[in-house]
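S.K.:
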Amino acid sequence: MTTESTGPAGSAEPTGASGNTTRAWLRERSELGVCLILFALGVLVLTDALTMDVDIAQRGPIGPRTVPFVVGAGLLLVGALLAVDVLRGGRGEAEGGEDVD
């Protein structure tokens, strides 16, 4: 049993329509959650790399901070590229069923 109530001033759309459209938009773009996780991990790795204690006597361009900087920047880059792809309408391929002979 469903009843639809109209919004104020006799509008044609139901009162919960904006919540449903927002939920539907988020459901179609659920990969944005993965983007947020990648961004958070990238920021965490870069923050840890910046606060890492490094011996002043160390020489050379590649030190213990180099790899965390590269990994953190890579996480941010992949998160940004994935977010752009998702917002432009990119979707992953549907998983195929098992091939039974």
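The sequence shown begins at 3 in this note's numbering and counts up by one. Note that CB positions come from ideal geometry on N, CA and C, so glycine has one too.
(1) Looking at C-alpha atoms only, which residue of 25, 39, 33 is the closest neighbour of residue 89?
(2) Compare the Cα-Cα distances from residue 66 to each of 56, 74, 73 and report the closest residue.
(3) Residue 51 and residue 74 - do their beta-carbons sit closer together than 8 Å?
(4) In its own chain, which residues sit with a C-beta less than 6 Å from the C-beta of residue 100, not counting the 5 before and 5 after it?
(5) Does the Cβ-Cβ distance between residue 72 and residue 40 come in under 8 Å?
(6) Could you give the distance in angstroms between the alpha-carbon of residue 22 and the alpha-carbon of residue 92?
M.R.: According to the structure shown:
(1) For the purposes of this step, residue 89 is taken as the residue at position 87 of the sequence shown. Out of 25, 39, 33, 33 has the C-alpha closest to the C-alpha of residue 89.
(2) What you label residue 66 is simply residue 64 of the sequence shown in a count that begins at 1. Residue 56 is the option with its Cα nearest to residue 66.
(3) Against the sequence shown, residue 74 aligns to sequence position 72. Against the sequence shown, residue 51 aligns to sequence position 49. Cβ atoms of residue 74 and residue 51: closer than 8 Å.
(4) Residue numbering aside, residue 100 sits at position 98 when the sequence shown is read from its first letter. For residue 100, where only same-chain residues beyond five positions count, there are no Cβ hits under 6 Å.
(5) Residue mapping note: residue 72 aligns to position 70 of the sequence shown, counting from 1. Residue mapping note: residue 40 aligns to position 38 of the sequence shown, counting from 1. One thing to note: residue 72 has its Cβ no nearer than 8 Å to the Cβ of residue 40.
(6) Translated into the one-based positions of the sequence shown, residue 22 becomes position 20. Translated into the one-based positions of the sequence shown, residue 92 becomes position 90. If you take the alpha carbons of residue 22 and residue 92, they lie about 22 Å apart.
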